[in-house]
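J.: Before we start, here is the structure in question, set down as structure tokens.
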Amino acid sequence: MQPHESKEESQEQQVKQLIIDVLQLEDISPAEIDNEAPLFGDGLGLDSIDALELGVALQKRYGISLSADSEETRRHFASVRALAAMIASHRVK
Numbered sequence: 015m016q017p018h019e020s021k022e023e024s025q026e027q028q029v030k031q032l033i034i035d036v037l038q039l040e041d042i043s044p045a046e047i048d049n050e051a052p053l054f055g056d057g058l059g060l061d062s063i064d065a066l067e068l069g070v071a072l073q074k075r076y077g078i079s080l081s082a083d084s085e086e087t088r089r090h091f092a093s094v095r096a097l098a099a100m101i102a103s104h105r106v107k
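Residue numbers (my numbering): 15 to 107.
Structural data, given as structure tokens:
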């Protein structure tokens, strides 16, 4: 973690790198991903297959199990910031 980086910022950077690695987005850097931008549709442009791959990666890396058709899961996948907050809250438990 950089000296000026908060835990939240560090977690957001980790989420961005995870998205890039898992989805093989070689033409994009973590700095190019907006923390608040939607991951699907007009934002990063991910689709349901990307969501599934990302969900599997989250389960492997953080032990987080998500229900594919849950409204709560949709909220967690809204943006990098939402995913980072969900991971952070899971770690506290």
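We put the beta carbon where it would ideally sit given N, CA and C, even for glycine.
Note that the structure is predicted; figures quoted are calculated from it, not measured.
Per DSSP, which residues does F91 bridge with? Please list them.
T.: Numbered from its first residue, the sequence shown carries residue 91 at position 77. BP columns for F91 are empty, so no partner.
J.: If distances are taken between C-alpha atoms only, which option among R105, H104 and A98 comes closest to E26?
T.: Walking along the sequence shown from the start, residue 26 turns up at place 12. Comparing Cα-Cα distances from E26 to each of R105, H104 and A98, the minimum goes to A98.
J.: Cα separation between D48 and H104?
T.: Locating residue 48 in the sequence shown gives position 34, where the first residue counts as 1. Locating residue 104 in the sequence shown gives position 90, where the first residue counts as 1. The straight-line gap from Cα to Cα measures roughly 23 Å.
J.: Which of helix, strand or coil does DSSP assign to L58?
T.: Along the sequence shown, one-based indexing puts residue 58 at 44. L58 falls in the coil class under three-state DSSP.
J.: Please list, in chain order, all residues of the same chain as S93 whose beta carbon is under 7 Å from its beta carbon, the five residues on each side excluded.
T.: For the purposes of this step, residue 93 is identified with residue 79 of the sequence shown, where counting begins at 1. Result list for S93: N49, E50, A51, P52 and L53, in chain order.
J.: Mark G69 as exposed unless 16 or more other C-beta atoms lie within 10 angstroms of its C-beta, in which case mark it buried.
T.: One-based indexing of the sequence shown puts residue 69 at position 55. With 16 or more other Cβ atoms within 10 Å, it is buried.
J.: For the alpha helix (DSSP H) that Q25 lies in, which residues bound it at each end?
T.: The residue labelled residue 25 in the question sits at position 11 within the sequence shown. From DSSP, the alpha helix (DSSP H) with Q25 extends over K21 to V36.
J.: State yes or no: is the C-beta of D56 within less than 7 Å of the C-beta of L37?
T.: Numbered from its first residue, the sequence shown carries residue 56 at position 42. Numbered from its first residue, the sequence shown carries residue 37 at position 23. Taking 7 Å as the Cβ cut-off, D56 and L37 do not qualify as a contacting pair.
J.: CA-CA distance, I33 and L39?
T.: By one-based count along the sequence shown, residue 33 stands at place 19. By one-based count along the sequence shown, residue 39 stands at place 25. Roughly 8 Å between the two C-alpha positions.
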